[in-house]
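**Q** After the structure tokens below, expect a handful of questions from me.
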Amino acid sequence: MCRHLVYLGPPVTLREVLFDPPYSLLRQSWAPRDMRGGGTINADGFGVGWYPGDGPPVRYRRAQPIWSDPTIADLAAVTSTTAVLAAVRSATVGMAVIDGAAAPFTEGRWLFSHNGVVRGWPDSMVPLAAELPVRDLLTLDATTDSALLWALVRHRLRAGVAPEQAVAETVTRVAAAAPGSRLNLLLTDGHTAVATTVGHALSLRTTPASVLLASEPHDDEPGWREVPDGQLVQATATTVRQRALAGP
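Heads up, the sequence shown is in the UniProt record's numbering, so the first residue is 1 and it goes up one at a time.
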């Protein structure tokens, strides 16, 4: 299915987020603890997006296991940021394994990730895809369910819809069109983050100055809490709001 996370808070190195914890995203790529039947390892690519300042994010992604890429380990050790979104990928059978299929997807200040699967792909998504501009369909990063989900969310963001509403509306409509889908989404602009739980795991940990949302806890320290299924989370580094998603 994938594993993903978003961090907002005081500056940290990418290494502190991705590599140092005992159950880090690196370890989750080969030994995840909470896949819930969505595969066994996450070796079909990875991606990291971070914000070096007030401008748009920088993104690095590859179609290989994160453990096999020495560049990201070296980069992570010397790169500091106040916001990061990262993911390791377990590709759905039949979907492309290329750099462009790995999250995060991006436009402007936005970074986006999907942990899950759209059932009935691609037929179940034909009606929703038909609502998008043809150019958006022709320029998808990859022919995958995650890339299309990003196009659907992005279309709403471009129209001026608030990020939490754009995510919630997309999840609700896709869940109605493709029942049984797993739709854990992450979206951030470096200041705020929006997350959903539909069919898969998500945990949350806060400090007075930071928030971390992750598919599974990256250590055994106290303070983690599991986000129940069917929830929408809105967070900044110092605030968290949570509510139920509307039914399809």
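Where a beta carbon is used, it is the ideal one built from N, C-alpha and C, also for glycine.
Nothing here was measured: the structure is a model prediction, and the numbers come from that model.
For W30, does the three-state DSSP call read helix, strand or coil?
**A** In the structure shown, W30 sits in a helix (DSSP, three-state: H, G or I).
**Q** Considering only the beta carbon of each residue, do G45 and R59 sit closer than 8 Å?
**A** Contact: no.
**Q** Please check the pair A129 and G100, which I expect to be a contact at CB under 8 Å, by giving their CB distance rounded to whole angstroms.
**A** The pair is not a contact, with the Cβ atoms about 17 Å apart (cut-off 8 Å).
**Q** Report yes if the C-beta distance between A102 and R62 is below 8 Å; otherwise report no.
**A** Yes, Cβ-Cβ distance for A102 and R62 is below 8 Å.
**Q** Below 6 Å CB to CB, which residues in the same chain sit around residue 250 once its five sequence neighbours on both sides are set aside?
**A** Because the chain here runs from 1 to 248, residue 250 falls outside it and cannot be looked at.
**Q** Could you pull out every residue in the same chain whose Cβ sits closer than 6 Å to the Cβ of W224, ignoring the five residues on either side in sequence?
**A** S203, R205, P217, listed in sequence order.
**Q** Under 8 Å between the Cβ atoms of G108 and P56?
**A** It is a contact, given that the beta carbons lie within the stated cut-off.
**Q** Based on DSSP bridge pairs, tell me the residues matched to E226.
**A** Paired residues: S203.
**Q** Three or more beta-carbon pairs under 8 Å between the stretch 221-239 and the stretch 186-199, yes or no?
**A** The stretch 221-239 vs the stretch 186-199: in contact.
**Q** So E169 is in the alpha helix (DSSP H); what residue range does that whole segment cover?
**A** It spans 163-177 - the alpha helix (DSSP H) in which E169 sits, taken as one unbroken run.
**Q** Is there contact here, the stretch 66-84 with the stretch 2-19, by at least three beta-carbon pairs under 8 Å?
**A** The stretch 66-84 is in contact with the stretch 2-19.
**Q** Would you report the Cα separation of A147 and P22, rounded to the nearest angstrom?
**A** Distance between the alpha carbons of A147 and P22: 30 Å.
**Q** Please report how far the alpha carbon of A64 lies from the alpha carbon of A43, in whole angstroms.
**A** Looking at the sequence provided, one finds Gln at residue 64 rather than Ala. Straight-line Cα distance between these residues: approximately 7 Å.
**Q** Counting along the chain, where does the beta strand (DSSP E) carrying H114 start and finish?
**A** Where H114 is concerned, the enclosing beta strand (DSSP E) stretches over 110-117.
**Q** Which of the three DSSP states, helix, strand or coil, is assigned to S210?
**A** In the structure shown, S210 sits in a strand (DSSP, three-state: E or B).
**Q** When the Cα atoms are used, what is the spatial distance from V161 to A168?
**A** Rounded to whole angstroms, V161 to A168 spans 11 Å at the Cα level.
**Q** How close, in whole Å, do the beta carbons of L186 and S113 come, if the pair is a contact with beta carbons under 8 Å?
**A** With 8 Å as the limit, L186 and S113 qualify as a contact, their Cβ atoms being about 4 Å apart.
**Q** In its own chain, which residues sit with a C-beta less than 7 Å from the C-beta of L26, not counting the 5 before and 5 after it?
**A** Within the same chain, L26 has close Cβ partners L18, F19, I66, W67.
**Q** Express the C-alpha separation of V171 and P248 in angstroms, rounding to a whole number.
**A** Caution is warranted here: a pLDDT of 48 is assigned to P248, below 50, making its placement in the model unreliable, and no coordinate value can be reported.
**Q** Do A201 and S215 have their C-beta atoms within less than 8 Å of each other?
**A** Yes. Within cutoff.
**Q** Just reading off the alpha helix (DSSP H) that W150 is part of, what are its end residues?
**A** Start and end: 145-158.
**Q** Whole-angstrom Cβ separation of A177 and S124, contact assumed at under 8 Å?
**A** Contact flag correct, Cβ pair sits at about 5 Å.
**Q** Might you give, ordered along the chain, the residues of its own chain that have their beta carbon closer than 6 Å to the beta carbon of D136, omitting 5 neighbours on each side?
**A** Correct list, in chain order: A151.
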